[in-house]
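Engineer: Numbering (my numbering), first residue to last: 836 to 908. Here it is, the structure, as structure tokens.
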């Protein structure tokens, strides 16, 4: 699946984009619904700037995190 991400609009509105990997399409729909209804609140362990991507990947691979590792740009 290919999706165009309006990075200019994200930047102008100072929004953050976070990805999540889930099982089936039904699981993904259920997860999105739970997030929208604030039933589930993801735990963010650490946020890296986009320029720190290699460090973020190393940190993720080290399995030291408890929660999500996110990028900000």
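We put the CB at the ideal spot given by N, CA and C, even for glycine. These figures come from a predicted structure and were not determined experimentally.
By the DSSP assignment, the alpha helix (DSSP H) with residue 857 in it spans what residues?
Structural biologist: Careful: residue 857 lies outside any alpha helix (DSSP H) and carries neither H nor E.
Engineer: Mapping the DSSP letters down to three states, classify residue 888 as helix, strand or coil.
Structural biologist: Here residue 888 sits in helix by DSSP.
Engineer: Using a Cβ distance threshold of 8 Å, determine whether the segment 863-879 contacts the segment 889-898, with at least three qualifying pairs required.
Structural biologist: The segment 863-879 vs the segment 889-898: no contact.
Engineer: Determine the DSSP secondary structure at residue 837, reduced to helix, strand or coil.
Structural biologist: Looking at residue 837 - three-state DSSP - the assignment turns out to be coil, as it is neither helix nor strand.
Engineer: Tell me which residues share the same chain as residue 879 and place their Cβ nearer than 6 Å to its Cβ, disregarding the 5 neighbours each side in the sequence.
Structural biologist: The residues are 902, 903, 905.
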